[in-house]
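If you read the sequences in order, they're chains A and B.
Using my numbering, read the first sequence as starting at 1 and increasing by one per residue.
Using my numbering, read the second sequence as starting at 221 and increasing by one per residue.
For each residue, glycine too, the CB sits at the ideal point set by N, CA and C.
Take a look at the structure set out below.
There are 2 protein chains.
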Amino acid sequence: MKHFLEELGDLKQRLLEMGGLVESAIYRSIVAVVEKDADQAQQVLKNEARINQMEIEIDDLATRLLALQQPMATDLRFLTVAIKINNDLERMGDLAVNIVERALSLMQEPVIRPAIDIPQMAKLTESMVHKSLDAFVRSDVELARAVLLSDDAVDDLRDGIYEELIDFMQESSDQVRPGVNLMFVARNLERVADHATNIAEDVLFLVQGVEVRHHANLKP
Amino acid sequence: MKHFLEELGDLKQRLLEMGGLVESAIYRSIVAVVEKDADQAQQVLKNEARINQMEIEIDDLATRLLALQQPMATDLRFLTVAIKINNDLERMGDLAVNIVERALSLMQEPVIRPAIDIPQMAKLTESMVHKSLDAFVRSDVELARAVLLSDDAVDDLRDGIYEELIDFMQESSDQVRPGVNLMFVARNLERVADHATNIAEDVLFLVQGVEVRHHANLKP
Chain A
1 MKHFLEELGD
11 LKQRLLEMGG
21 LVESAIYRSI
31 VAVVEKDADQ
41 AQQVLKNEAR
51 INQMEIEIDD
61 LATRLLALQQ
71 PMATDLRFLT
81 VAIKINNDLE
91 RMGDLAVNIV
101 ERALSLMQEP
111 VIRPAIDIPQ
121 MAKLTESMVH
131 KSLDAFVRSD
141 VELARAVLLS
151 DDAVDDLRDG
161 IYEELIDFMQ
171 ESSDQVRPGV
181 NLMFVARNLE
191 RVADHATNIA
201 EDVLFLVQGV
211 EVRHHANLKP
Chain B
221 MKHFLEELGD
231 LKQRLLEMGG
241 LVESAIYRSI
251 VAVVEKDADQ
261 AQQVLKNEAR
271 INQMEIEIDD
281 LATRLLALQQ
291 PMATDLRFLT
301 VAIKINNDLE
311 RMGDLAVNIV
321 ERALSLMQEP
331 VIRPAIDIPQ
341 MAKLTESMVH
351 KSLDAFVRSD
361 VELARAVLLS
371 DDAVDDLRDG
381 IYEELIDFMQ
391 ESSDQVRPGV
401 NLMFVARNLE
411 RVADHATNIA
421 EDVLFLVQGV
431 EVRHHANLKP
């Protein structure tokens, strides 16, 4: 039993390590967009393989723990949630790569006007990612709820950015291509925020159990 | 043991039922875009709640079966794959809703030129979804591999559509807003194809076991 608990601790530790890599990838991808920083962009591309590798290892560890013995209801919930969080983190890593690809295109296009709200949207999204992982580590229900509340603010920022970019593209045909790239940056950030929201929901499920999801029924 | 096998059969049946709903949502969403058909759009929005409800029920059933007894390695793989396929299907349902939202915007904008390759991209994507589910039901490795091969063709179609739409938006400022909407339709279709690819990869993992994923290790 002690062995099993140690393995659960190891799983948590690895998820946090992966979370750190993903947070850093998102941060760098936005620096690459806003400051046209090619080094940061390359760093994200370089770290992608490591994130993908970690996802496979974490998935295998969680699956092995599921197989190892019949886990108690609480551990079972933890393991299924760990598999989901792992998947969310890996997708966030992919989204950071998508943002970097847009950043690399933007570096070859004239800067016409900075997309003012993208850094603000990025800051809020990064804070959601960080809080959702903190909520997971500390089983902190309040923090998880704070993440869910931020999701609407991210959607509002995105809507504002879209409208601003459409105006921008309508002004001149030169601005269509950079406008499209910035639009996809905002779209990818919004999806990162959605994954942070998924993690926060999973934390609520983990801590509060069946009450959160009305139709969950863990008893046979 | 018979009871457990019956439950596994039930789980498979429900996943297929959900797959049918999702396939129909994707099909209708594209009809809504291409034919500006508001009835089909409404139908997709109406069915969304049912797809979300099915996801929760399937997730609960799979989690309950994991808890019920210590499953054999094969059943364990089946259950973890079922949870992933369920998640992919639910996301495809969300993507169909995203496409419908774009369709509803497009209905209020002048049709300037049809986006010729979107129906073709949709047809290929729908066929990937159908084949990936067929591959799952029949444990058909060849069919799963065919899905993986189609993913590149979908990406090529998307690239062509993006370039065509950028030209289109550069031609006139009236075309920016419908161009953006059609771009997001293509982007959502691409993501549907990515989820079908995930399902095909899961089928390969399910049928071929550890060989597909080099780092998998199901033995304790």
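The C-beta of Val33/A comes no closer than 7 Å to any C-beta of chain B. Interface annotation, Arg397/B: in contact with chain A, CB-CB separation under 7 Å. The three-state reading of DSSP puts Gln175/A in helix, counting H, G and I together.
In this structure, the CA atom of Val185/A is about 13 Å from the CA atom of Arg407/B. Under a 10 Å Cβ-count criterion, Ser29/A is classified as buried, with 16 or more other Cβ atoms of the shown protein chains found around its own Cβ. Ile199/A is a Cβ neighbour of Ile85/A, given a cutoff of 7 Å. A Cβ of chain A is located within less than 7 Å of the beta carbon of Gln390/B. Runs of the alpha helix (DSSP H) spanning 4 or more residues and lying entirely within the segment 316–398 of chain B occur at 337–358, 361–391, in chain order.
When 9 Å is used as the limit between beta carbons, Leu95/A is near no residue of chain B, the shortest such separation being about 11 Å. Scanning the segment 255–318 of chain B for uninterrupted alpha helix (DSSP H) segments of 4 residues or longer gives 258–288, listed from N- to C-terminal end.
Any Cβ of chain B closer than 7 Å to the Cβ of Ser173/A would place that residue at the interface, and such an atom is present. Residues are counted here when their Cβ sits less than 9 Å from a Cβ of chain B; for the segment 177–202 of chain A these are Arg177, Gly179, Val180, Met183, Phe184, Arg187, given in chain order.
Going by C-alpha positions, Phe298/B is about 45 Å away from Arg177/A. Among the residues facing chain A, Thr283/B is included, as its CB has a counterpart in that chain under 7 Å away. Nearest neighbour of Gln43/A by Cα position, chosen from Arg64/A, Ala25/A, Gly93/A, Asp60/A, turns out to be Ala25/A. One finds Thr63, Leu66, Ile83 in chain A with Cβ atoms closer than 8 Å to the Cβ of Thr300/B, taken in chain order. Contacts between Ala293/B and chain A, judged by CB atoms closer than 7 Å, involve Ala67 in chain order.
Note that the segment 236–245 of chain B touches the segment 336–354 of chain B; at least 3 beta-carbon pairs, one per stretch, sit closer than 8 Å.
Note on Gln40/A: 16 or more other CB atoms within 10 angstroms of its CB, so buried under the neighbour-count rule. The beta-carbon of Leu104/A is placed no less than 7 Å from the nearest beta-carbon of chain B. The beta-carbon of Ile386/B is placed less than 7 Å from the nearest beta-carbon of chain A. From the beta-carbon of Leu76/A, the residues of chain B found nearer than 8 Å are Thr283, Leu286, Ala287. Counting the other CB atoms within 10 Å of its CB gives Ile319/B a total of 16 or more, which places it among the buried residues. Comparing alpha carbon positions, the residue from Glu23/A, Met121/A, Ala62/A, Val34/A closest to Tyr162/A is Met121/A. Burial state of Leu402/B is buried, judged by a 10 Å Cβ sphere holding 16 or more other Cβ atoms.
In terms of Cβ geometry, Ala302/B and Asp371/B do not form a close pair [threshold 7 Å]. Close CB contacts of Met312/B within its chain, under the 6 Å cut and outside five residues either way in sequence, are with Val242, Val412, His415 (chain order). Counting every other CB atom within 10 Å of its CB across the protein chains shown gives Met54/A a total of 16 or more, marking it as buried. Residue environment for Ala282/B: buried (at least 16 other C-beta atoms within 10 angstroms of its C-beta). With respect to Leu296/B, Ala73/A sits apart: the two C-beta atoms are not nearer than 7 Å. Inclusion of Met107/A and Lys36/A in the CB contact set at 7 Å is warranted, their separation being smaller than that value. The alpha carbon of Val317/B has as its nearest neighbour, out of Leu385/B, Arg270/B, Leu228/B, Ile336/B, the alpha carbon of Arg270/B.
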